[in-house]
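In UniProt numbering, the protein residues as written are 1 to 597.
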């Protein structure tokens, strides 16, 4: 879902193409179609084997460290220029670091398995093997941008060139590697916060049937600096959650006990990335059925026989409590008073049926529908102790519509909090505690600093509009980390992406969607499986935290030389620079500088 400049174009498109779904469909139960979450077969590669790349490859199992900046092609032998005999990383205490290794073979390999050791230093300290993980990177179908670089368009099958790309990190422990195949491996080390500083060495072993195990040695230089726990990160991460997608892929009824249990590891993984906002829907289908799994309302609206209204907050309360228990508790962002189709569903007690009205902002019908709800919602939130955390959230809409909605909200309770993702409107920003703007918008640092001091939040987002930086499945992996460096450069408090898990029909095998670039709708996979994109995004957030901590230290100690060095590096993170310089080329020297302090 792209907010901002292209929202109205989206409106016109969806008005023609995706008019309606039965509005109770996601509430009654799960969709019939589900996803095979166990072992699965990747789709055939549309690209032929690059035979020339395999001519010099020796027979049998080949294994090497590689780089996290490359999505290795499945049927092309890895470029030797990207391979490394060893891996050495620098890390703060509490930081997660990662790299990629590759396995490749001109002949079939069966029962390929991974194992790893503790990391030990020379003084008897260790990073336990339980803090290390390694997983096979699988291949998923992707597409690309249009020839003009546009991503916000209808995408029937075959419109754009498709290919397999490495992205999901699988849960399987053993995998067969066919001949003429490159099989990436993602290696992560989460340094425990109590680890003494020092140089730690460990091994990653790759074994397959009939082959001698290959042992790769690597080291982590743990610095005498500490990264806070993710719940204490200042970076404001807002990846919108879709609980309805979890129900569909697992074939369970929405809001059943099974659904709540299955969601936990997904939302825990998000919380561990530093997620700050809860995505809550207070109306049905706020984005006009644009996703594979339509968002239902977490509040049940009932018009009584006498014309008064009743609101059931049971699901809303359960969802908010659930996410807060996982540590996601900065904002409860409630969508939306201005849905794309201005359609508002409710149960009519007199008619004994579900129905809806269509009402524009500023009309008597709109006010009659929303004023009672907002009044009761404010009462309920205050009783729960959530009023200060809750925002009435919306996407970019025509200025008159936004001003009318804001006026109504404030007339009900002047202390209601508001959130907007869209263009930058100086005339609105003082009313918006949570304001997210597009990459092409400019918010001066003085305004952001004033907002920060007032407890307000200013972030930026990417969507289908941006060629770069982005987190499509075909985006260069380093762009996901680059995103947070750009936030640090411009003074933003964080980053928003509209979908954590709005999965397509077959998300493990095919990330393409009917309207936007592949991967636009989700960044993690069913399982739950993490991804190269998600891990690199976390990497950038950790860098943002390190930058923040170092800036505070340099300021407190009067270390202006170090502060200027860091600022000079940050000034290179301009979106326009990505037109000619890959994100990885920006990041490598900047990260080296960051870890030198």
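Even glycine gets a Cβ: it sits at the ideal position worked out from N, Cα and C.
In its own chain, which residues sit with a C-beta less than 8 Å from the C-beta of residue i, not counting the 5 before and 5 after it?
i, result
"residue 278", "241, 319, 320, 323, 324, 328, 329, 331, 332 and 333"
"residue 21", "The predicted model places residue 21 with a pLDDT of 33, which falls under 50 and marks its position as unreliable; any figure quoted below should be read in that light. So the list reads 285, 289 and 294, once near-sequence residues are dropped."
"residue 181", "74, 75, 104 and 105"
"residue 66", "72, 78, 82, 83, 84, 99, 100, 101, 102 and 184"
Thinking C-alpha only, which one of the options is nearest residue i?
i, options, result
"residue 306", "351, 478, 258 and 544", "351"
"residue 443", "516, 400, 492 and 276", "492"
"residue 506", "524, 497 and 495", "524"
"residue 343", "373, 396, 283 and 311", "283"
"residue 111", "268, 173 and 557", "173"
"residue 55", "162, 179 and 45", "179"
"residue 611", "101, 78, 488 and 115", "Because the chain in this structure spans residues 1 to 597, residue 611 falls outside the shown range and cannot be described."
"residue 585", "478, 363 and 557", "478"
"residue 296", "308, 99 and 254", "254"
"residue 63", "78, 49, 591 and 287", "78"
"residue 135", "570, 531 and 559", "531"
"residue 383", "436, 313, 115 and 396", "313"
"residue 614", "113, 150 and 97", "Because residue 614 is not part of the residues shown, which for the chain are 1 to 597, the question remains open."
"residue 60", "213, 84 and 591", "213"
"residue 260", "315, 541 and 301", "315"
"residue 548", "489, 572, 528 and 482", "489"
"residue 88", "388, 198, 380 and 446", "198"
With a CB to CB cut of under 7 Å and the five nearest residues on each side skipped, what residues in its chain are close to residue i?
i, result
"residue 262", "246, 250 and 252"
"residue 426", "none"
"residue 409", "374, 392, 416 and 418"
"residue 404", "361 and 362"
"residue 509", "40, 42, 43, 140 and 141"
What does a CB cutoff of less than 6 Å around residue i pick up in its chain, not counting 5 residues either side in sequence?
i, result
"residue 225", "92"
"residue 230", "272 and 274"
"residue 236", "276, 457, 459, 493 and 494"
"residue 413", "378"
"residue 355", "348"
"residue 499", "240, 521 and 522"
"residue 436", "421, 459, 461 and 496"
"residue 149", "467"
Need the endpoints of the alpha helix (DSSP H) that residue i sits in, please.
i, result
"residue 562", "560 to 570"
"residue 222", "Note, residue 222: premise wrong, no alpha helix (DSSP H); beta strand (DSSP E) at 214 to 226."
"residue 546", "532 to 557"
"residue 483", "478 to 490"
"residue 407", "399 to 412"
"residue 323", "314 to 325"
"residue 51", "51 to 54"
"residue 346", "Careful: residue 346 lies outside any alpha helix (DSSP H), inside the beta strand (DSSP E) at 343 to 348."
"residue 366", "364 to 384"
Considering just the uninterrupted stretch of the beta strand (DSSP E) at residue i, what are its terminal residues?
i, result
"residue 105", "96 to 105"
"residue 124", "Counting along the chain, residue 124 falls outside any beta strand (DSSP E), and DSSP gives it neither H nor E."
"residue 245", "Here residue 245 belongs to no beta strand (DSSP E); instead the alpha helix (DSSP H) covers 243 to 250."
"residue 266", "First-last for residue 266: 257 to 271, but that is the alpha helix (DSSP H), not the beta strand (DSSP E)."
"residue 287", "It is not in any beta strand (DSSP E) - residue 287 carries neither H nor E in the DSSP assignment."
"residue 599", "Here the chain has residues from 1 to 597 only, and residue 599 is not among them."
"residue 145", "Per DSSP, residue 145 belongs to no beta strand (DSSP E) and is neither H nor E."
"residue 109", "109 to 116"
"residue 497", "494 to 497"
Decide if residue i is buried, meaning its Cβ has at least 16 other Cβ atoms within 10 Å, or exposed.
i, result
"residue 124", "exposed"
"residue 552", "exposed"
"residue 298", "buried"
"residue 267", "buried"
"residue 122", "exposed"
"residue 574", "exposed"
"residue 560", "exposed"
"residue 511", "buried"
"residue 243", "buried"
"residue 564", "exposed"
"residue 504", "buried"
"residue 95", "buried"
"residue 399", "exposed"
"residue 161", "exposed"
"residue 358", "exposed"
Hey, is residue i close to the ligand ATP, as in C-beta under 7 Å from one of its heavy atoms?
i, result
"residue 569", "Here there are no bound small molecules, and the ligand ATP is not part of this structure."
Any beta carbon of chain D sitting closer than 8 Å to that of residue i?
i, result
"residue 142", "The structure shown has no chain D; it contains just one protein chain."
Using 8 Å as the Cβ pair cut-off and three pairs as the minimum, do the stretch 212 to 228 and the stretch 67 to 80 touch?
At 8 Å Cβ cutoff, the stretches do not touch.
So, do the stretch 444 to 459 and the stretch 531 to 544 have three or more beta carbon pairs nearer to each other than 8 Å?
Here the stretch 444 to 459 makes no contact with the stretch 531 to 544; the two share fewer than three CB pairs at distances below 8 Å.
Does the stretch 452 to 465 touch the stretch 192 to 204, meaning 3 or more C-beta pairs lie closer than 8 Å?
no
Just checking, does the stretch 178 to 194 make contact with the stretch 208 to 215 on the three C-beta pairs under 8 Å criterion?
no
Between the stretch 406 to 419 and the stretch 429 to 436, do at least 3 Cβ pairs fall closer than 8 Å?
yes
Is the number of C-beta pairs between the stretch 463 to 470 and the stretch 576 to 587 that are closer than 8 Å three or more?
yes
Report yes or no: do the stretch 132 to 148 and the stretch 513 to 530 share at least 3 C-beta pairs separated by less than 8 Å?
Three or more Cβ pairs closer than 8 Å define a contact, and the stretch 132 to 148 meets that threshold against the stretch 513 to 530.
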